[in-house]
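In what follows, a structure is listed as structure tokens, so that the remarks can point back to it.
There are 4 protein chains.
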Amino acid sequence: MGKDINCDMGESFGRYKLGLDEEVIKLISSANVGCGFHGGDPHVMRQTVDMAKQHGVAVGAHPGLPDLLGFGRREMKVSPEEVKDYFIYQIGALKAFVEVAGMKLQHVKMHGALIAMALANEELALAMCEAVRDISPDLIWVTFSGIRTVEIARSIGLKVIQEFYADRAYHADKTLVSRKLPGAVLKDPEQISARIKQLIDTGTVTTLDGQTLELKYDSICVHGDTPGALDIIRTIRGIMAEHRIAIKPMAELI
Amino acid sequence: MGKDINCDMGESFGRYKLGLDEEVIKLISSANVGCGFHGGDPHVMRQTVDMAKQHGVAVGAHPGLPDLLGFGRREMKVSPEEVKDYFIYQIGALKAFVEVAGMKLQHVKMHGALIAMALANEELALAMCEAVRDISPDLIWVTFSGIRTVEIARSIGLKVIQEFYADRAYHADKTLVSRKLPGAVLKDPEQISARIKQLIDTGTVTTLDGQTLELKYDSICVHGDTPGALDIIRTIRGIMAEHRIAIKPMAELI
Amino acid sequence: MGKDINCDMGESFGRYKLGLDEEVIKLISSANVGCGFHGGDPHVMRQTVDMAKQHGVAVGAHPGLPDLLGFGRREMKVSPEEVKDYFIYQIGALKAFVEVAGMKLQHVKMHGALIAMALANEELALAMCEAVRDISPDLIWVTFSGIRTVEIARSIGLKVIQEFYADRAYHADKTLVSRKLPGAVLKDPEQISARIKQLIDTGTVTTLDGQTLELKYDSICVHGDTPGALDIIRTIRGIMAEHRIAIKPMAELI
Amino acid sequence: MGKDINCDMGESFGRYKLGLDEEVIKLISSANVGCGFHGGDPHVMRQTVDMAKQHGVAVGAHPGLPDLLGFGRREMKVSPEEVKDYFIYQIGALKAFVEVAGMKLQHVKMHGALIAMALANEELALAMCEAVRDISPDLIWVTFSGIRTVEIARSIGLKVIQEFYADRAYHADKTLVSRKLPGAVLKDPEQISARIKQLIDTGTVTTLDGQTLELKYDSICVHGDTPGALDIIRTIRGIMAEHRIAIKPMAELI
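Residue numbers (this note's numbering), protein chains in the order written: chain A, 905 to 1158; chain B, 905 to 1158; chain C, 905 to 1158; chain D, 905 to 1158.
Written out as structure tokens, the structure reads:
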């Protein structure tokens, strides 16, 4: 038995550095790599892919909205056709770097505001999934556990990996609490540790308002741009080691 | 025996339309498609690829410098590594659209200021060629006849198609006269017609200063953004028909 | 008595040309000049301002969302503070060109999706108006007749010019019919002519669904990027000449 | 008697943070604020201006090339007219924020590759100076001591402040050693301290190759994006306090 740990990476841009990619890459099994629209640039993409290869980490695309200024976190009224084209462009660009490095692109994961947009508008969600399938039906669709986009992706033949967000609070409908609200982002390693243990032992998470939620998951999503990020990831790895859960790229879990 | 006719296409951007792509596509055999850095956007790329497929036109990538404001026509001091990464990114993005359409990417052709930069700096030229080969050694490197980049591309194993510019004046060293100089761009269909006939009959072109230059070529490059463009291309097709030269995508000429 | 004719201008970008600015500028009294976010660039801005000066046309800023790819026509979830900063930036940039040309910036008019966003969200509308007032309380706020943004602008001390859209269909709440709906954009000079006459004679416009709407206006907004644009503007000027209405920049009408 | 300390600031962009602006601002007298082309965005500009106001620091514009990806550090073949328009645009945008904050824009200082371009091409240098003068002849042109751009600025009537780079090695022609060469950037506070003392005591600096160079200066340029930056600036302030040299914005030194 095994689980994957995924993290957003490669979101630096030119002179601007984001996250602790060089450290985080050693601790995860799947990297979601920025593709240049919300973050990342061609140089950063190549470096990130090379780094992933060196550490045996599988690479996925992390496409975003064309809004570098807003880091892809502001919803935009784009059409399904537009978002599909943005996905093909970004995934294609990253796929080239991955293949030039002698690897295979493993998965695709939406970035930022696209997640809320996909939850609110099934046509947009479908357009993104279709872009992934049209590029390659072998690509894995990664999204958080139990939500509607899981079914949409499956309905067109995509393999899906469901993920748990280690450091984000949940609503009862299995969506994440908005970053703008208090309590949305967890920073205390002990609290995160307790959540992970509960998840492994009981398959449940406690929501922000105290409800108990069953979650299926094969990957745990962590973030690398907060001060305590490395400690949090090491804590998660420790718990998984105690439970004899191997950490493996998601492609090996399907 | 046959020759290819290639033309830059898909350089519109968002609300901004450039060229007569819908008409030109019917008259050529290979399209050099903008990849979003100097011109083109994901939506335009998909539409252009679909249009090419519909008309049996082969598709190549036309990567440029990251300078939409200057349409990729202003030299920038980029490093070989940077330009290599820009090529992988852009070619990868277009390749995805081409493959989603069920086609195969045929060739790569430098845009704008990259040409002069490649002529002046062999390291840059090599970096671009390596990007193409790393993505796929089946991709054809297209460049104008008899210049140094032909040899550089061949030296790393790329197949090369040499091209003749129907509407641009030549220097004796086989480079093109800068657009900024008088007489650089030919617009008179009769003059262009006479040049094409001379090229087919004698394998030579007359330079701006009256010298006779031998040129090897398998493709004729035309431009679609000038008023008389369609007439010029039709004239060229007429001459080729008279000489019983079939018009074929460059991949069929290698 | 007089009226103003305003038109969006200076929305070309680099190699991309939009509209018939060189012709339209001769026929209007106020130009709304793009400021580089949705369209326009520094070079285009200077040229447009110089052209306006040469033809005695007053200049206003036409700020948009930071979305060149979508021409500022796609709503984005920006905060009031963000939109205020975008306005100050863009208006400031254009103001510099206007003052370098020895003129005075006359007005500000929202572009594209900002209009719907301002109608739906009073905080956003207020933020835009505040940006204008903070730069100079002498700047005129231009917006279409009878809507909420008129009052918001006045509430913080801005002078307001209300405009009538010559070529756009109206809803009964005085908003414009979306470009995506049939009948939204009028192209028939006779139909436009009849509307203008009705407006001048009775102060009313007939909505898309046949209702009669009273409209106050001091400026007529025309568009320069449609094939028949020049004829339409000439028609409007003809009607105004017949009615002995002088065409004057809006600053002279307050 | 007094001297100014100037530092580049406001070069963060969206989610990307650069430098220790909040700390540095307390230690300097003039801030060179990014204007959105190479770094900085409208939000960052407003925040930086507000911070400068709060700490009594004078504000200048720090315009760069339109190359966010290269942070304005890559030379581009732009025309004098283009660079002039880029300056008017960027200076105008920042000037609006400064005036909205109730302050007056103090100076303009070239960013990145523009410096080398201005040194190599007098037409470009003149175009930049003209942009500044056309916006306001009260603006101060800041550039490093003893070079040709000092004379060019003066020749068209601009006031000039010459600056000394505390942490950069010099050539004998008074230009800076390129960042790409070893020894170009000084990081050792003791070494920087010794240089500043030598400059104050003797009016000279020792070049990378050991020559002694006389330099006139009224401002010392420091950088805020290196780890030891704050210590270096504090050291400089300490030396100036010992020598009873008041630290004042450059406008007070002319």
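A virtual CB, placed ideally from N, CA and C, is assigned to each residue, including glycine. Treat the numbers as computed from the prediction; the structure is a model and nothing was measured.
Proximity of chain B to A/R950 at the Cβ level (cut-off 9 Å) is accounted for by E985, K988, D989, I992, Y993, in chain order.
Around the Cβ of B/L972, a 10 Å sphere holds 16 or more other Cβ atoms; the residue is buried. In summary, no residue of the region 1066–1099 of chain D has a CB separated from any CB of chain A by less than 7 Å. Taking a cut-off of 8 Å for Cβ pairs, the region 969–987 of chain A and the region 912–932 of chain B do not touch, as fewer than three such pairs fall below it.
DSSP, reduced to helix, strand and coil, places A/H966 within a strand of the structure shown.
In the DSSP annotation of this structure, the continuous segment of the beta strand (DSSP E) that includes A/Y1069 starts and ends at 1063–1069. Among the residues of chain B, none has a CB under 7 Å from the CB of C/D925; the nearest is roughly 14 Å distant. From the beta-carbon of B/E915, no residue of chain D is found nearer than 9 Å; the closest lies around 19 Å away.
Residue contact with chain A for D/R978: absent (no Cβ-Cβ distance below 7 Å to any residue of chain A). DSSP places A/T1139 within a helical segment (H, G or I) once states are collapsed to three.
Looking at the DSSP output, C/A935 shares a beta bridge with C/C911, C/V963.
Pairing D/G1128 with D/L931 gives a Cβ-Cβ distance that is not under 7 Å. Closest option to A/Y1121, judged by alpha-carbon separation, among A/E1003, A/Q1066, A/I1019: A/Q1066. Nearest CB-CB separation between B/K1152 and chain D: not below the 7 Å threshold.
A direct Cα-to-Cα measurement between B/L1103 and B/L1080 gives close to 16 Å. Taken atom to atom, the span from the alpha-carbon of D/S1059 to that of C/G938 is near 34 Å.
Considering only C/Y993, C/D945, C/F1001, the residue with the shortest C-alpha distance to C/D954 is C/F1001. Nearest in C-alpha terms to A/G1016, of all of A/A956, A/N936, A/L1157, is A/N936. Approximately 20 Å separates the beta-carbon atoms of D/I1051 and D/K1084; this is outside 8 Å, ruling out the contact. Shown here, B/E986 sits in a helix according to DSSP, grouped into three states.
Sixteen is the threshold: when 16 or more other Cβ atoms of the shown chains lie within 10 Å of the Cβ of A/I929, as they do, the residue is buried.
Membership of B/V1126 in the beta strand (DSSP E) is indicated by the continuous run 1123–1126. Closest by C-alpha distance to B/K999, out of B/G1061, B/H959, B/M905, B/A965, is B/A965. A Cβ of chain C is located within less than 7 Å of the beta carbon of D/F1001. Chain A places a beta carbon closer than 7 Å to that of D/G918, counting this residue as a contact.
According to the DSSP assignment, A/L1117 belongs to the beta strand (DSSP E) that extends over 1116–1118.
When only Cα atoms are considered, D/F1048 and A/V987 end up about 48 Å apart. Interface residue (Cβ-Cβ distance to chain A less than 7 Å): C/P970 is classified as such.
Residue-level contact by beta carbon fails for C/K957 and chain A, as no gap is shorter than 7 Å.
Contact annotation: B/P946 and A/Y993 have beta-carbon atoms nearer than 7 Å. By the beta-carbon neighbour count (other beta carbons within 10 angstroms, threshold 16), D/T1106 is exposed. A/E1055 is classed as exposed because its beta carbon has fewer than 16 other beta carbons within 10 Å across all chains shown.
Among the residues of chain A, none has a CB under 8 Å from the CB of D/L1117; the nearest is roughly 30 Å distant.
When rounded, the separation of the alpha-carbon atoms in B/P1153 and B/K907 is 8 Å. By the neighbour-count criterion, in which a residue is buried when 16 or more other Cβ atoms sit within 10 angstroms of its Cβ, B/T952 is buried.
When the five nearest sequence neighbours on each side are left out, the beta carbons in the same chain lying within less than 8 Å of the beta carbon of D/L1009 are those of V963, G964, A965, I995, L998, K999, V1002, E1003, S1040, L1043, in order along the chain.
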